[in-house]
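This report concerns only the one structure given below.
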Amino acid sequence: MSEEVVSLLQKMIRINTVSPPGNEKDLAVFLEAYLKEKGLKPCVQSVEDNRANLICEIGSGDETLLVLNGHLDVVPAQGEWKFDPFAGNSDGTYVYGRGAADMKGGLAALTCAFLSVIPYADKLKGKLRLVFVADEETSNHGSLYYLAHDKKRYSKNYAVIAEPTELRVCKGHLGAERYWISFKGSGAHSSKPENGCNAIYLASKMINALEQYHIELRKRSSSYGSPSCAVTRIEGGEKDNTVPSSCKLFIDRRTVPGETKKDIDNEIDIIIKNVFGKEKDRVEVSSFFDFSAGRIGEDNPLIVTACEIAKRRRGEEFGKPIIFGAGCEQAIFTNGGFDTIVWGPGSLSQAHVPNERIPIEEVTEAKKLYEELIFKMLR
């Protein structure tokens with residue numbers, strides 16, 4: 001089965017699902033055929049255009065539903081690569097290619113764990129369901145579509161998201177609030193800048209304040225880590241000899257569980273009032289993206305069981321849940337009624353970078369970890 005996991009991963013990498021545009025339906029259809037060959041009845045759930053989710057279920061009863069989740073899409077293969085990012089090459093230690101770690105390695109492990117349970121399906125106390133979704137890397141349409149169209153819940157509802165965590169069990173993930181902050185100055189000839197109001201200078205004051213804001217955020221500690229703030233884009237100016245009348249900044253404010261959008265809105269508003277005082281009307285804030293942080297209680301049966309399995313198989317440290325250092329769809333599934341953990345092969349440091357790779361040992365081990373979790377939760 002370990003060879004099957006690697007082979008399946010390589011085949012999935014060779015199907016280009018870069019988002020945008022996604023084209024996840026191509027991979028969903030491939031997996032549909034693959035699962036049908038095993039005697040299963042998968043479903044390709046169309047989301048939009050050539051974007052689709054893949055769903056497959058085994059088991060019976062209404063006691064427990066365990067969802068094995070991951071995303072089919074990958075980010076663009078930008079930067080300088082030493083090899084074809086969609087060849088799915090392997091040197092016997094790693095599998096290479098876009099999506100190897102984020103997160104087709106996790107998909108392959110989940111799929112093969114799912115298949116290994118087939119002989120025991122009639123003995124499961126509940127349902128085991130693969131839910132592989134489109135559009136996680138951009139707008140989360142796949143997960144939102146799935147949850148909107150499948151609202152039946154069981155006595156117990158659990159989900160495992162196989163994002164790259166190096167096989168550490170994660171109890172939560174960071175959220176993100178992103179904003180455009182626009183500054184309204186007044187133009188003038190650049191030979192007489194005092195006759196205008198330089199919007200870039202206004203923006204620079206805000207940048208300095210946001211840098212200090214980030215330093216203060218890092219002092220806020222919790223069991224989920226610390227929040228952060230970064231200015232990631234700046235646009236401004238009209239002409240090389242004109243005092244700019246407009247400028248705007250894009251900020252990425254990462255949140256920890258417990259913080260709300262309202263909290264962040266208020267903090268940004270206070271900074272603007274403190275920096276600009278009576279000139280605060282020159283500043284306008286527009287929310288661009290709202291993505292809540294996720295979490296699960298450490299006494300939840302799913303995370304307790306996963307940590308016990310990880311500790312026994314991987315060592316003491318693996319029994320301690322950690323925070324996933326990026327965003328993912330845990331919060332979406334939690335809001336949809338599922339107690340959810342993040343747990344998968346591969347390193348987050350390999351996500352979204354050139355020459356992405358994943359250790360074969362982690363992919364094959366992930367399959368075994370998932371198998372044990374399935375039997376613990378459903379038997």
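So for the sequence shown, the UniProt record's numbering puts the first residue at 1; every next one is plus one.
Ideal Cβ positions, reconstructed from N, Cα and C, are used throughout, including at glycine.
These numbers come from a predicted model, not from an experiment.
- In the displayed model, Phe318 falls within a helix according to three-state DSSP.
- Assignment of Ser286 by DSSP, reduced to helix, strand and coil, places it in the strand class.
- Contact between the region 357-369 and the region 316-328 is absent: fewer than three C-beta pairs spanning the two stretches fall below 8 Å.
- If you keep only unbroken beta strand (DSSP E) runs of at least 3 residues inside the region 92-130, you get 94-96.
- With contacts defined by Cβ atoms closer than 7 Å, Ala100 and Pro164 do not form a contacting pair.
- Membership of Phe30 in any beta strand (DSSP E) is not indicated; the residue belongs instead to the alpha helix (DSSP H) covering Glu24 to Lys36.
- Distance from the Cα of Arg282 is smallest, within the candidate group Cys197, Thr305 and Asp263, for Cys197.
- Going by DSSP, Gly142 is part of the alpha helix (DSSP H) stretching over His141 to His149.
- For Pro359, the beta-bridge partners assigned by DSSP are Tyr94.
- Taking C-beta atoms as the reference points, Ser246 and Ala209 fail to come closer than 7 Å.
- Secondary structure note for Glu57: it is in no alpha helix (DSSP H), and the uninterrupted beta strand (DSSP E) holding it is Arg51 to Ser60.
- Straight across, the Cα-Cα distance linking Leu202 with Gly237 is about 12 Å.
- Residue nearest to Gly258 within the set Ile268, Gly297 and Ala230 is Gly297 (criterion: CA-CA distance).
- DSSP places Gln45 within a strand segment (E or B) once states are collapsed to three.
- Residues of the same chain with a CB within less than 8 Å of the CB of Phe30, apart from the 5 flanking positions on each side, are Lys11, Met12 and Ile15 in chain order.
- Per DSSP, Thr64 is one residue of the beta strand (DSSP E) stretching across Thr64 to His71.
- Linking Leu107 to Ile55 through their CA atoms gives a straight-line distance of about 12 Å.
- In the DSSP annotation of this structure, the continuous segment of the beta strand (DSSP E) that includes Asp252 starts and ends at Ser246 to Thr255.
- Val5 and Val342 do not touch by the CB rule: their CB atoms are close to 20 Å apart, not below 8 Å.
- Its chain contains Ala310, Arg314, Phe318, Trp343, Gly344, Pro345, Glu362, Glu365, Ala366 and Leu369 as the residues whose beta carbon lies nearer than 8 Å to that of Leu167, once the 5 sequence neighbours on both sides are disregarded; these appear in chain order.
- In the assembly as shown, Gln212 is an exposed residue. Its beta-carbon has fewer than 16 other beta-carbons within 10 Å.
- One Cα belongs to His149, the other to Ala77, and the distance between them is close to 32 Å.
- In this structure, Leu378 lies away from Thr17, with their beta-carbon atoms at least 7 Å apart.
- Within the UniProt domain "Peptidase M20 dimerisation" (172-276), the complete beta strand (DSSP E) runs of at least 3 residues fall at 175-184, 228-236 and 246-255.
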